[in-house]
């Protein structure tokens, strides 16, 4: 009995054993009325206070008829929500009573009006794109040949010159056999050569496979082999850092002499189904998986973006995303089909919010993309307050916290903030939302882009009512062909649309979402172990597979733990009997196989993995990591104490000694930018980001700071001075540009 349960668990009196209750009673007063001398009458009674968050009362009379009523906590539920819930429950009971053999998973909860509402929400029809990227690029180059197309530190190219170089290389590639659906790998630092190489591959009709030069050589070798490329474009100074592969010809673009090749674009016959690019993402099998996206998908996305956000000749867009991140696709090509100026951030500068703010001010940048962790650092950067040229910021890659959204809108009041969502398998982005403070505690991922279909389905692929969490499944123009050389995985994730026409497909994202009352999608989390870490998609199973492949490792588990410094990847392992599996050696080995963002911040060796009563790994029982393992050496000088305090604040640790290493304390590139920014301000010096990577122990880092102090290199950041508002105020760079344009 319930009363005995409450008595057995005293804590339930405060917190309750449960908060949702179903109560069924039979209501038959016939027996009472038959008692001699007793008059039994039914009186209505309703409690005005809900005893649980949600309670359903069911009363059955002697004829089997049911009377249903809900009690609910009105601080948790709106009346309309309960009305919908009641309607769905009646719909469920009606269908089950009419079809006794129907499986519950096949019961349709939505009525005709709700289905019509979701049909309206789930898609935004528009005229499909019918001109592919190479032609769009060529049209813009012919319209504005003398306009500056590309800018970088120390140089620029107009549209005519940029395309002339790309066309010459494209002819060279055609001579090498490149054409539609022929994949070409490219590994280059962010530079004019990178962009020219990308353009040339596309102009030749090929599909580019971006390889990040910062990736470990073993990972690059796998991607070369798995993609089946026969040609790799790179730069001469990277030749020693790249793998060699049988059957792959490596060409250093800066060593080619192409003056004899035509400057006009090669003739080309493409279809929308031809591949445009292949991007590799983390894979659960221990190796990354390649996703092939088509020209139809790419053109659809780029033209939707231009129709929606409208870049023009007054705009400057900064390209700073790593080439292996699909945001780089629209960063590279959107400006070049609209006539706006494309600014290339230098190698490594995408991690430094101070440098990004400098570039924004120097070049009048209007359009930027950030993953939320770097957006947070940018907003906290003092120089960001002076970025008056900014018009639009895009956030994507992971969930946007409402607190960060509000900070951005407060600190950059003239800037539009757009939250965008989309997996690599669906050509960059599929939903969008312009953020407002009035969004409250939620940050929706928004509504579908043009010709994108979004469905929220249960595990049986039935549509779910608004407010009910389910898996986001995506269809329409923009779906990838699938995974390279992974037919089984492709069939598992790319499925037939159960509600669509024959031949129409859906991509199962594994993301948990729900429809809000206004028709916007709200992101709730993942259905599996996949995580987003600093904007990167990470499959912990891939890291576990690499851990298990290390000599002496018996069992392995990897998870993300929230720490004072933010989310961190932590690896756990056990050693096989008689094996000396040292964490330092294993971590060094992983760094040779995995990108830096996938290497666990710490490896914890256990005697045994914790198991649940059923014998499965109990991830919740894995211990918290201990960050400080070195002998503590206390700071002595004022400068050492000052910088140690910065490390403690950023890394969220109680103490830091001179021998402690930044990376062993859980540091990574984004935390490094915070430390560099704070030390710049505290010590008034121009401190490069690389200083922390070159001297990661506190003592050595302090020596670096001291050396720069003695050299007299002061910070280039000028304090904001109060001006006389009655006098003319000097124009900013972007305001001068607008004056000249008008």
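Residue numbers (full-length UniProt numbering): 1 to 742. Ideal placement from N, C-alpha and C gives every residue a C-beta, glycine not left out.
For residue i, which three-state DSSP category applies?
i: residue 249; result: strand
i: residue 81; result: helix
i: residue 230; result: coil
i: residue 725; result: Annotation note: pLDDT 47 at residue 725 (below 50); position unreliable, no value reported.
i: residue 473; result: strand
i: residue 380; result: helix
i: residue 370; result: strand
i: residue 484; result: coil
i: residue 490; result: helix
i: residue 505; result: strand
i: residue 719; result: In this prediction, residue 719 has a pLDDT of 47, which is less than 50 and means its spatial position is unreliable; what the coordinates show is noted afterwards. If DSSP states are grouped into helix, strand and coil, residue 719 belongs with coil.
i: residue 203; result: helix
i: residue 354; result: helix
i: residue 650; result: helix
i: residue 428; result: coil
i: residue 438; result: helix
i: residue 97; result: helix
i: residue 450; result: strand
i: residue 333; result: helix
i: residue 28; result: coil
i: residue 320; result: coil
i: residue 67; result: strand
i: residue 22; result: strand
i: residue 192; result: helix
i: residue 639; result: helix
Along the chain, where does the alpha helix (DSSP H) that runs through residue i open and close?
i: residue 119; result: 112–122
i: residue 172; result: 159–175
i: residue 295; result: 295–309
i: residue 693; result: 690–694
i: residue 588; result: 583–591
i: residue 153; result: Looking at the DSSP string, residue 153 is not in any alpha helix (DSSP H), and its letter there is neither H nor E.
With 16 other CB atoms within 10 Å as the buried threshold, where does residue i fall?
i: residue 146; result: exposed
i: residue 249; result: exposed
i: residue 99; result: exposed
i: residue 299; result: buried
i: residue 613; result: exposed
i: residue 352; result: buried
i: residue 22; result: exposed
i: residue 253; result: buried
i: residue 31; result: exposed
i: residue 185; result: buried
i: residue 240; result: exposed
i: residue 720; result: Unreliable positioning characterises residue 720 in this predicted model, as indicated by a pLDDT of 45, which lies under 50. The coordinate reading is nonetheless provided below. Label assigned to residue 720: exposed.
i: residue 276; result: buried
Please indicate yes or no: does the CB of residue i lie closer than 6 Å to some heavy atom of the ligand SAM?
i: residue 349; result: The ligand SAM is absent from the structure shown, which contains no ligand whatsoever.
Compare the Cα-Cα distances from residue i to each of the options and report the closest residue.
i: residue 552; options: 585, 560 and 570; result: 585
i: residue 348; options: 102, 188, 619 and 499; result: 188
i: residue 330; options: 420, 402, 556 and 204; result: 420
i: residue 19; options: 52, 4, 41 and 237; result: 52
i: residue 197; options: 332, 589, 620 and 625; result: 332
i: residue 609; options: 603, 617 and 291; result: 617
i: residue 153; options: 190, 57 and 533; result: 190
i: residue 692; options: 169, 656, 675 and 402; result: 675
i: residue 110; options: 86, 103, 207 and 124; result: 86
i: residue 607; options: 572, 588 and 532; result: 572
i: residue 434; options: 127, 402, 185 and 480; result: 402
i: residue 79; options: 101, 54 and 62; result: 54
i: residue 743; options: 193, 500 and 409; result: A query on residue 743 cannot be resolved here, the shown segment of the chain reaching from 1 to 742 and no further.
i: residue 411; options: 279, 383, 399 and 397; result: 383
i: residue 597; options: 605, 25 and 587; result: 587
At which residues does the beta strand (DSSP E) containing residue i begin and terminate?
i: residue 536; result: 536–538
i: residue 744; result: The chain is shown from 1 up to 742; residue 744 falls before or after that span and cannot be answered.
i: residue 570; result: 566–575
i: residue 50; result: Per DSSP, residue 50 belongs to no beta strand (DSSP E) and is neither H nor E.
i: residue 59; result: 54–61
Sort out for me which residues DSSP pairs residue i with in a bridge.
i: residue 289; result: 281
i: residue 395; result: 370 and 419
i: residue 661; result: 697
i: residue 433; result: 419
i: residue 555; result: 574
i: residue 496; result: 505
i: residue 511; result: 526
Nearest chain C C-beta to residue i closer than 7 Å, yes or no?
i: residue 481; result: Absent here is chain C; the protein component of the structure consists of one chain.
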